[in-house]
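Residue numbers (our numbering), protein chains in the order written: chain A, 1 to 77; chain B, 1001 to 1176. Worksheet for the structure shown next.
Below is the structure:
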């Protein structure tokens, strides 16, 4: 089967020629560079908040898992 | 999806060279596919080339505004198909007495597509040719083709299998 498909591919590629080239549109492409790099800060901020969230979630999970209750009056029952 | 990741990284680094490299990679990867889709609709190579390049320009020059997160290929193929259909609609709405004359002039580079199609039409239907070309040559998945054609994946895979049988039968006879 593979040889038939290869023949089909060759027949297609042999006749259908793609003459397009990036250089044809290169001059018209506007490279979207942001001069003020705000993204780095926002990414850092996002990373820190995710880390905090995971820590808090982990703490809650541990408390539930160990069945420990923290009382407001310093832990005395 | 590899180019999607590369493009997003390039945009994050904000490096002009990296962004341009990603653009070039995307262009080289999909220009053939888009040209094929457009050509199969508008039937004229010069027009199809213009539509394909316009689609890429639209994508590149609005990269930070448009939502392509789902799939670059999906966005590009959908846009080029719509642009080609729009061209046809616009052309149909205009009364062009000279149109037949224009269409009858053979294009310098335009004979290749019709050569391919007429050759394959001897043993496949137009739809079968499209499915086989999209899947075999341009690596579109059955799911992507099914979404475009608004049918189920099973229908596409069934048609693909039947097309393969026809291809096999055809070349077996040719080689005999």
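Ideal placement from N, C-alpha and C gives every residue a C-beta, glycine not left out. Just so we're clear, the structure is a prediction, and the values are computed from it rather than from any experiment.
Distance, residue j Cα to residue i Cα
| i | j | result |
| --- | --- | --- |
| residue 1171 of chain B | residue 1132 of chain B | 15 angstroms |
| residue 1 of chain A | residue 1123 of chain B | 16 angstroms |
| residue 941 of chain B | residue 54 of chain A | Residue 941 of chain B lies beyond the residue range present for chain B, which begins at 1001 and ends at 1176; the question has no answer from this structure. |
| residue 1139 of chain B | residue 1066 of chain B | 24 angstroms |
| residue 1107 of chain B | residue 10 of chain A | Any reading at residue 1107 of chain B must be qualified, since the residue scores a pLDDT of 49, below 50, and its modelled position is unreliable; the value itself is stated next. If you take the alpha carbons of residue 1107 of chain B and residue 10 of chain A, they lie about 23 angstroms apart. |
| residue 1119 of chain B | residue 1016 of chain B | 45 angstroms |
| residue 1125 of chain B | residue 22 of chain A | 33 angstroms |
| residue 1130 of chain B | residue 1014 of chain B | 38 angstroms |
| residue 1161 of chain B | residue 1088 of chain B | 32 angstroms |
| residue 16 of chain A | residue 1152 of chain B | 29 angstroms |
| residue 1005 of chain B | residue 1175 of chain B | 44 angstroms |
| residue 1024 of chain B | residue 1167 of chain B | 34 angstroms |
| residue 1069 of chain B | residue 63 of chain A | 39 angstroms |
| residue 1147 of chain B | residue 45 of chain A | 38 angstroms |
| residue 948 of chain B | residue 1082 of chain B | This structure cannot speak to residue 948 of chain B, because chain B is shown only from 1001 to 1176. |
| residue 4 of chain A | residue 14 of chain A | 15 angstroms |
| residue 1090 of chain B | residue 1142 of chain B | 31 angstroms |
| residue 43 of chain A | residue 50 of chain A | 10 angstroms |
| residue 18 of chain A | residue 1115 of chain B | 14 angstroms |
| residue 58 of chain A | residue 65 of chain A | 10 angstroms |
| residue 7 of chain A | residue 1165 of chain B | 14 angstroms |
Beta carbon of residue i nearer than 9 angstroms to that of residue j
| i | j | result |
| --- | --- | --- |
| residue 1034 of chain B | residue 1077 of chain B | yes |
| residue 20 of chain A | residue 1032 of chain B | yes |
| residue 1145 of chain B | residue 1136 of chain B | no |
| residue 1198 of chain B | residue 1163 of chain B | Because chain B is modelled from 1001 through 1176, residue 1198 of chain B falls outside the range shown and cannot be assessed. |
| residue 48 of chain A | residue 1057 of chain B | no |
| residue 1053 of chain B | residue 31 of chain A | no |
| residue 1113 of chain B | residue 1039 of chain B | yes |
| residue 1072 of chain B | residue 1026 of chain B | yes |
| residue 1075 of chain B | residue 1060 of chain B | no |
| residue 1029 of chain B | residue 1003 of chain B | yes |
Distance cut-off 8 angstroms: residue i Cβ against heavy atoms of the ligand ADP
| i | result |
| --- | --- |
| residue 21 of chain A | With respect to the ligand ADP, the structure shown offers nothing to examine, as it has no ligands at all. |
Ignoring anything shorter than 4 residues or poking outside the stretch 1039-1101 of chain B, list the alpha helix (DSSP H) runs there in chain order.
1045-1061, 1072-1093
Note down, in chain order, all residues in the stretch 14-48 of chain A with a beta-carbon under 7 angstroms from any beta-carbon belonging to chain B.
15, 16, 17, 18, 19, 20, 22, 24, 25, 28, 29, 30, 31, 32, 33, 34, 37, 39
Closer than 7 angstroms, Cβ to Cβ, to anything on chain B: give me those residues from the stretch 54-66 of chain A, in chain order.
none
Which residues of the stretch 1023-1042 of chain B have a Cβ closer than 8 angstroms to any Cβ of chain A? Give them in chain order.
1023, 1024, 1027, 1028, 1031, 1032, 1035, 1036
Chain-ordered residues of the stretch 1066-1097 of chain B with a beta carbon less than 9 angstroms from chain A:
none
Of all the residues that make up the stretch 1045-1069 of chain B, which are near chain A by a beta-carbon distance shorter than 7 angstroms?
1049, 1052, 1053, 1056, 1057, 1060, 1061, 1063, 1064
Ordered list of beta strand (DSSP E) runs contained in the stretch 1111-1173 of chain B, each at least 3 residues:
none
Taking a Cβ distance cut-off of 7 angstroms, strictly less, list which residues of the stretch 1110-1131 of chain B are near chain A, in chain order.
1112, 1113, 1115, 1116, 1119
Check distances from the C-beta atoms of the stretch 1158-1169 of chain B to those of chain A and list, in chain order, the residues that come in under 8 angstroms.
1164, 1167, 1168
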